[in-house]
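Written below as structure tokens is the structure these notes are about.
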Amino acid sequence: MTRDEIRDGLFRALTQVAPEADVSRIRPNVRLRDQLDIDSMDLLNFVIGVHKEFKIEIPEADYPRLVTLDGWIDYVAKMKAQPQM
Amino acid sequence: MNAGKLLQWRKHVGDKVQRGDIIADVETDKADIEVEVFSTGMIEKILIQPGEKVPVGTVMALIREEGKPFASEAPAVRIEVGVSTAPIPPAVPQRPSVPPPTIETGARRLHISPVARKLADELGIDPGTISGTGPGGRVTLEDVQRAAHTRGAKLAEAAPELDRAARMRQAIGAAMARSKREIPHYYLSTTIDMSQAMAWLADANLKRSVEDRLVYGVLLVKAVALALLQFPELNGLWVEGKAIAKPEIHVGVAISLRGGGLVAPALHNTDRQSLSELMKSFRDLVQRARAGSLRSSELTDPTITVTSLGEQGVEAVFGVIYPPQVALVGFGKIVERPCVSEGQIVARPTLTATLSGDHRVSDGHRGGRFLAAVEKLLQEPGQL
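Listed in order, the protein sequences are those of chains E and B. Number 22 in numbering that gives the first Met the number 0 belongs to position 23 of the first sequence; there are no gaps in the numbering. Number 34 in numbering that gives the first Met the number 0 belongs to position 35 of the second sequence; there are no gaps in the numbering.
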């Protein structure tokens, strides 16, 4: 899975949570919360969306690493590269 | 909210309806709402057409209840715009609380029923401008409703259309100004050690699938609901000069909307839902609030409001009570603070909880004990 494919999947999950978001304007290395005004409920819904989109488990302990778009892309790429249980 | 615009009917004349069915969609200043019915029967008559903007309280349709004959002598159930279980007092200074059944208007003596006069007062309509159709020209409830309907249509034509955000800000401003004018607020705060709650939550979420995970806000809401069982006077409304403690606990949760504004719909029977059920209800409510598909009962049923601004970096919230409610609980952000434990200074996650109370109903002594009960419940999160 390429980084572009992961980015597209993340954008699909994100627009489910924040339909009004202009994802083309998201800066990849800036906190998503600061750019999109999302709260913990939105974040949980986004995590659920990513889980469904990529069929990966996302432990709560990993949340602190998942704050920027680049962080999410790295994380999903790494999880997809691992053999799934 | 003081007016609503009917967007569409989902049911039509002759359709059977059951209690809880959604029969129409109405646009209000605060949100689009789904209008529910609270009886079972058949739609007998539609009185408002899509696109019409009418004041809250206007009868939209008549429902013939099951088992009752189609006959004019048996009144049908009325479905009103912005169905409200308790009237919110008008923003304008009120006329005498017990209005006389008749009033003098210049040379003629106006006959009006007390209930019609009350509705006219609530809607800000001068009864002298209404033509009465009752016996001897008496102004009836229907006459007031008709006048309100006409006035609403005229207002809708005359008033420049504000965008949703501006109308919502206007509605919030009116409600908060009324609250500050009429409710003698008192404010209390306490700092709660969240170590136990956060540790329990992390452990619980490890065992849950991603779709079943909890957010800490659910623990706070449940703790408030359970504490209210011990302090029922804080769970109620102030209506027509009297405190009414409500038997059901419907916590209204403040939800910010994208583009500005907020709503505080009810999590029904908050105290009786498990944390998992509450989380599911909460997620559903947030999504529907932001999508503009709340139900009328969710906007009118809250018996207390909980607001949390912790995620915005706020340390403590001293909120304005939403009338006719009599209390509001606020939560700030979780911050690590130095605490002394067994002679050692240790860092603990703490949170500031506040209570805005109505002095007509409770006082600082009871309010303080209520916050202490919330704190105690959060020290045993497994019992929530």
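Beta carbons are placed, not taken as given, at the ideal position from N, Cα and C, and that holds for glycine.
Query                                                                                                                                                                      : Result
The ligand NAD and Q17 (chain B): does the residue's C-beta get closer than 7 Å to at least one heavy atom of that ligand?                                                 : This structure lacks the ligand NAD; in fact it carries no ligand of any kind.
Return the residues of the segment 293-324 of chain B that lie within a Cβ-Cβ distance of less than 7 Å from chain E, sorted by chain order.                               : E310
To the nearest angstrom, how far is it from the Cα of T1 (chain E) to the Cα of R212 (chain B)?                                                                            : 29 Å
What residues in its chain sit with their C-beta under 8 Å from that of E379 (chain B), if we drop five residues either side in the sequence?                              : Q195
Give a yes or no on contact between the segment 314-325 of chain B and the segment 276-294 of chain B, applying the rule of three or more CB pairs nearer than 8 Å.        : no
Which full runs of the alpha helix (DSSP H) of 4+ residues lie inside the segment 251-294 of chain B, going along the chain?                                               : 274-290
Counting only beta-carbon separations shorter than 8 Å, does L86 (chain E) have a partner in chain B?                                                                      : Beyond the ends of chain E as shown, which are 0 and 84, falls residue 86 (chain E); an answer cannot be given.
Roughly how many angstroms lie between the CA atoms of S208 (chain B) and M40 (chain E), to the nearest whole one?                                                         : 16 Å
Taking just the CA atoms, how far does V25 (chain B) sit from I42 (chain B)?                                                                                               : 17 Å
Helix, strand or coil, according to DSSP, for E141 (chain B) in the structure here?                                                                                        : helix
Against chain B, with Cβ distances strictly below 8 Å, would A76 (chain E) count as a contact?                                                                             : no
What number of angstroms, rounded off, separates the C-alpha of K79 (chain E) from the C-alpha of I243 (chain B)?                                                          : 57 Å
Please list, in chain order, all residues of the same chain as H11 (chain B) whose beta carbon is under 6 Å from its beta carbon, the five residues on each side excluded. : none
Below 8 Å, how does it come out for the segment 32-39 of chain E and the segment 187-203 of chain B: are there three or more Cβ pairs, yes or no?                          : no
For A119 (chain B), which residues of its own chain have a beta-carbon under 6 Å away from its beta-carbon, when the five flanking residues on both sides are left out?    : P126, V143
Could you tell me which whole beta strand (DSSP E) segments of length 3 or greater appear in the segment 27-67 of chain B?                                                 : 31-35, 40-45, 52-54, 58-64
Nearest to Q229 (chain B) by alpha carbon, out of B:E297, B:R365, B:L187?                                                                                                  : B:R365
Let's test the definition: count the other Cβ atoms within 10 Å of the Cβ of L205 (chain B) and tell me whether it reaches 16, buried, or not, exposed.                    : exposed
Suppose the cutoff is 7 Å on Cβ atoms and the five residues either side in sequence are ignored; what does the same chain contact list for T132 (chain B) look like?       : T139, D142
Using a 10 Å radius around the Cβ and a threshold of 16 neighbouring Cβ atoms, would you call K4 (chain B) buried or exposed?                                              : buried
Does chain E have any CB closer than 8 Å to the CB of L383 (chain B)?                                                                                                      : no
Beta-carbon within less than 6 Å of Q7 (chain B)'s beta-carbon, same chain only, minus the 5 sequence neighbours each way: which residues are those?                       : D24, P49
Taking the alpha helix (DSSP H) that Q169 (chain B) belongs to, which residues open and close that run?                                                                    : 163-181
Assign I303 (chain B) to one of three DSSP states: helix, strand, or coil.                                                                                                 : strand
I'd like the list of long-range same chain contacts for A315 (chain B), defined as Cβ closer than 6 Å, with 5 residues on each side in sequence excluded.                  : S188, G331, T351, T353
Can we say the segment 291-301 of chain B touches the segment 274-282 of chain B, given the rule of at least three CB pairs closer than 8 Å?                               : no
If we cut at 8 Å on Cβ distances, does G216 (chain B) have a partner in chain E?                                                                                           : yes
Among B:G40, B:G136, B:D20, B:T39, whose alpha-carbon lies nearest the alpha-carbon of E33 (chain B)?                                                                      : B:D20
Can you tell which of B:G258, B:I191, B:D283, B:Q343 has its C-alpha closest to the C-alpha of E19 (chain E)?                                                              : B:G258
Would E232 (chain B) pass as an interface residue toward chain E - the criterion being a Cβ-Cβ separation below 8 Å?                                                       : no
Considering only the alpha carbon of each residue, which of B:T27, B:V285, B:F37, B:A224 lies closest to T269 (chain B)?                                                   : B:A224
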